[in-house]
Structure formats: structure tokens, C-alpha cells
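In my numbering, the protein residues as written are 93 to 378.
Just below is one structure, and these are the notes that go with it.
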Amino acid sequence: MREELKPIWFSIIGNVFLAAVKIAAGLAYSSLALISDGVHSLSDVVTSIIGLIGIRISSRPPDKNHPFGHSRFEPLFAFFMGLALLLVAYEIGRDSLGRMMEGRAIEVNSIMLGVAVFSIAFKEFMTRYALNVGRKLNNQILIADAYHHRSDVLSTIAVLFGLLTEKFGFRYGDSLAGLTVALLIAKVALEIVTRNINFLTGTSAPSEVCERIKKTALGVEGVVGVHDLRTHYVGPKLHVELHIEVPPGLDLKKAHDISEEVKRRIERLDAVDTAFVHVDIQGVTE
Numbered sequence: 093m094r095e096e097l098k099p100i101w102f103s104i105i106g107n108v109f110l111a112a113v114k115i116a117a118g119l120a121y122s123s124l125a126l127i128s129d130g131v132h133s134l135s136d137v138v139t140s141i142i143g144l145i146g147i148r149i150s151s152r153p154p155d156k157n158h159p160f161g162h163s164r165f166e167p168l169f170a171f172f173m174g175l176a177l178l179l180v181a182y183e184i185g186r187d188s189l190g191r192m193m194e195g196r197a198i199e200v201n202s203i204m205l206g207v208a209v210f211s212i213a214f215k216e217f218m219t220r221y222a223l224n225v226g227r228k229l230n231n232q233i234l235i236a237d238a239y240h241h242r243s244d245v246l247s248t249i250a251v252l253f254g255l256l257t258e259k260f261g262f263r264y265g266d267s268l269a270g271l272t273v274a275l276l277i278a279k280v281a282l283e284i285v286t287r288n289i290n291f292l293t294g295t296s297a298p299s300e301v302c303e304r305i306k307k308t309a310l311g312v313e314g315v316v317g318v319h320d321l322r323t324h325y326v327g328p329k330l331h332v333e334l335h336i337e338v339p340p341g342l343d344l345k346k347a348h349d350i351s352e353e354v355k356r357r358i359e360r361l362d363a364v365d366t367a368f369v370h371v372d373i374q375g376v377t378e
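Right under this line is the structure:
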């Protein structure tokens, strides 16, 4: 199994298991907090399945209709996962306000608290696993899925806090914690959506990345200048176009070899997928 698929399958299986445990405990002890948190875990299964489909599509090789590959599907699916996180934030906030208005109270026991603590620990492990692999592979779907796990950690912390405050007689604790969690999840969701909109719309690379590309090109022997550097995202990685200047009198083969070395070095940069290098003679303008 490919490395990027392992966290997604672990996410699907783990969330099904957690949802079953939380919903069972919630039904057994009439805890709406645990039941809703279990439903939240089931929603994570849906987004992980979306992520799995996205990874499979984005990893397809180039074809007639997609000559530069299918990498743009990766931020597209991550964008929709960010929207799903926004929906989760809305639902948590709505439920928290509803509980606050109704002033509901429940009997809390150690089993309910134990389920919440176990869920927090397990989901945090899932978060770190998906995030480490996602950052290693620069895979936006895995990173978005990791933050979806983190939203579940935060919501379960709110459930645990609410259960504890209910146990000690403060009936509004879970509602206030839920509203805080909803805001945190919304912040993460907006960051995911914004980042992947930039990938989808072909925005240019940050200035520090452009400077690194220029320095890489100028580090090749025979390159005396760089100009007309243009970059844009195709999916989560960059396509780069630049002109290099070589000294006058250089033979064609040597100039070609220099341009190929510049291309190789730039494409070795983590942020870059493809580089297009044009050769100009120093002092000659087009």
C-alpha cells in the first residue's frame, strides 16, 4: 500500500471504531454530548473517504486531457474537506447554543469520562500520524484530514469538560466549551480553504521561494544572470519559468547543458514540480 493511503485507511477504520464506542456509551447513559460526538466521528469517515478518492485521482499519471497530471485534484478535494470542517464548526456551535438555551443536565459516571479520555488520546495519535505523513509528502489532503482529526480532539475535549462541569453542578460548562471549540475549528477550516484556493487558482509562489529559485539557478556554473522568473501553483506544487543569462561566445551544447543543470537543480526543490528554462546571451535583449 502506498504511504499516503495508510493514514487515510487508518482514519476510516479508527473513526468507525470510535463512533461505535461513543454512540454506544451515549445511548447507554442518555448522554447527548457523547452521541453527538460519535456522529461527529462518523462525519470524519465521510471526509476521509472523500480524501481517499482525491488521493487516488490526483496520483494518476498525465493523460490526453490532463497533460500536466492530475495534481490539481488534490487541493480541490482538500478545499471541500475544509468546507466540511466549517460545517462541523457550525453544527458544534449550534448544538452548544441549543444546550445553553435548554439548560439540560445529565448524570455523569466514570465510564462516560473514560470514553471521552480514550477518544481524545486515540484521535490525537491519528492527527499526528496523518500530519507527519502529509507534511513529509506535501500532501494537502492528508494535512486537511489531520486537522479534521484535531477538530474531533477539540470537540471531545469540550465534551469531557462539559461532562466534568455537569458532574460538579455547572450546567453551562459544556456549552461554553463547545462554542470555543467551534471558533477554533472554523479558524483551521478557513486556513485550509484559503490555502487550497490559492493552489487551485494558480497563485504565484511566496517571495522567499522565488529568491531560493534564483539562488539555485545562479549557483550553476556558467549562469551569470536570471530574469523574467514566473511561478504558479499547479496543485500543491509549482511550475517555474525563468530566463538564464550565459556569457557571449558559449557554444550551443554548453549552453544547453547549463540550462539542463539549472532545470535539474530547481526541480529538486521541495516546492517545485516542473521548471522551464530559457537561455539568453548576456547583454543581448530580445
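A virtual CB, placed ideally from N, CA and C, is assigned to each residue, including glycine.
What you are looking at is a predicted structure, and each value in this text was computed from that prediction instead of being measured.
Note down the Cα distance separating residue i from residue j, rounded to an integer number of angstroms.
i    : j    : result
S296 : L119 : 51 Å
L92  : V209 : Nothing about residue 92 can be read from this structure; the chain reaches only from 93 to 378.
L256 : L268 : 13 Å
N352 : I289 : For clarity, residue 352 is Glu in the given sequence; the question names Asn instead. Taking the straight line joining both Cα atoms gives about 32 Å.
I48  : R227 : The chain is shown from 93 up to 378; residue 48 falls before or after that span and cannot be answered.
R322 : L334 : 6 Å
R152 : T219 : 26 Å
L342 : V316 : 12 Å
V318 : P154 : 30 Å
A278 : Y121 : 30 Å
K259 : V200 : 6 Å
G106 : L252 : 20 Å
G254 : G294 : 44 Å
E95  : Q374 : 46 Å
E216 : R242 : 7 Å
Sort the options by Cα distance to residue i and report the nearest one.
i    : options                : result
S133 : H240, P99, S188        : H240
P328 : I100, K215, F171       : F171
V225 : V364, V354, A367, K98  : K98
M173 : V285, K228, G130       : V285
D349 : Q374, V369, R263       : V369
V364 : P340, K306, I105       : K306
R287 : I233, E313, S243       : I233
G185 : A250, G294, P298, T308 : A250
E194 : S128, K215, A278, R263 : R263
R357 : E283, S299, T308, K346 : T308
A112 : D129, I100, F102       : D129
E359 : P339, V338, V301, F165 : V301
F109 : G190, L252, I373, V137 : V137
R148 : Y221, R191, N231       : N231
A116 : I203, I142, A176       : I203
L292 : I100, G314, H324, L179 : H324
S247 : Y182, G261, L229, G311 : Y182
Run through DSSP, which three-state label would residue i get?
i    : result
F172 : helix
G317 : strand
T323 : strand
L361 : coil
V200 : coil
L330 : strand
H158 : coil
V338 : strand
R152 : coil
A111 : helix
D343 : coil
T293 : coil
S122 : coil
R186 : helix
E96  : coil
Between which two residues does the beta strand (DSSP E) containing residue i stretch?
i    : result
D372 : 364–373
Please report the residue range of the alpha helix (DSSP H) in which residue i lies.
i    : result
D244 : 232–259
Y264 : Neither: Y264 is in no alpha helix (DSSP H) and is coded neither H nor E.
E300 : 299–310
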